[in-house]
Amino acid sequence: MSLHDLPTLYVVATPIGNLQDISLRALEVLKNVDAIAAEDTRHTSHLLSHFAIQRKLIAVHEHNEQKSAQLLLERLHSGESIALVTDAGTPGISDPGAIVVDVLREAGVNVVPVPGASAVVTALSASGITANGFLFHGFLPASGSQRRKTLETLKDYPVTLVFYEAPHRIAEALAEMAAELGGERPAALCRELTKLHETFYRGTLVEL
155 MSLHDLPTLY VVATPIGNLQ DISLRALEVL KNVDAIAAED TRHTSHLLSH FAIQRKLIAV
215 HEHNEQKSAQ LLLERLHSGE SIALVTDAGT PGISDPGAIV VDVLREAGVN VVPVPGASAV
275 VTALSASGIT ANGFLFHGFL PASGSQRRKT LETLKDYPVT LVFYEAPHRI AEALAEMAAE
335 LGGERPAALC RELTKLHETF YRGTLVEL
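Numbering of the sequence shown is given in my numbering, commencing with residue 155 and proceeding in unit increments.
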């Protein structure tokens, strides 16, 4: 495989748990770009080390994404190609990356997706709950009152609803989902996807 002749930002999906889920194309891109923009450079270092890849790492996380986009733009304009990765899954999907891509596209930079793992799609594929398509909301608000208001706005959508939630809030969130979305609504709770202790729980919201 040869990379593009133009300076390019590659938006590279990385494994959400099992490192063997990385694609051959992703590995080839990571080996051949000039630098890798990573959400957590320490985390990405472990991934690169596992596959014997050595590349310069640039920190790009949610607190510096706008500033980092300008730095990446300068490097791309100088002729470099850069891979953008997050700690797990696909950049920009409830993870940093969307701001960088937006800024660079507006500046006319060549942006190429390198698809792969995504927790939302992984969960859906093994949940058996996909009636009428799905709406991926991402993380619910941390505040209970805001969370309930958000759920109330979604309750009449005739599709499967998909959320991310922090482990320490899951019990409270499920109780609020049962109250706002209907306790008999079929649901699945998926955790540790692709990892040793991967678990799927199926039932109604009240049962969960």
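Glycine residues also receive a C-beta, built at the ideal position from the N, C-alpha and C atoms.
### Message
Only counting the same chain, and skipping five residues up and downstream in sequence, which positions put a Cβ closer than 6 Å to that of GLU352?
### Response
GLU346
### Task
Kindly give me the distance between the Cβ atoms of VAL166 and VAL268, rounded to whole angstroms, as I take these residues to be in contact under 8 Å.
4 Å
### Query
Which ranges does the beta strand (DSSP E) cover as unbroken runs of at least 3 residues, wholly within the segment 196-223, from first to last along the chain?
210-213
### Query
Residues in its own chain within less than 6 Å of PHE317 by CB, not counting five upstream and five downstream?
HIS291, LEU294
### Query
Assuming GLU219 and ILE253 make a contact with CB atoms under 8 Å, what is their CB distance in whole Å?
4 Å
### Message
Suppose the cutoff is 7 Å on Cβ atoms and the five residues either side in sequence are ignored; what does the same chain contact list for ALA327 look like?
### Response
LEU294, ARG301, GLU319
### Task
Mind reading off the beta-carbon distance from GLU306 to GLU334? Whole number of angstroms is fine, and I expect it under 8 Å.
5 Å
### One or two residues paired with VAL166 in a DSSP bridge
VAL268
### Rounded straight-line distance, which links the Cα of ILE283 to that of GLU361
16 Å
#### Entry: Straight-line gap, ASN186 to LEU157 (C-alpha atoms, nearest Å)
8 Å
### Task
State the Cα-Cα distance for the pair TYR355 and LEU230, rounded to the nearest angstrom.
45 Å
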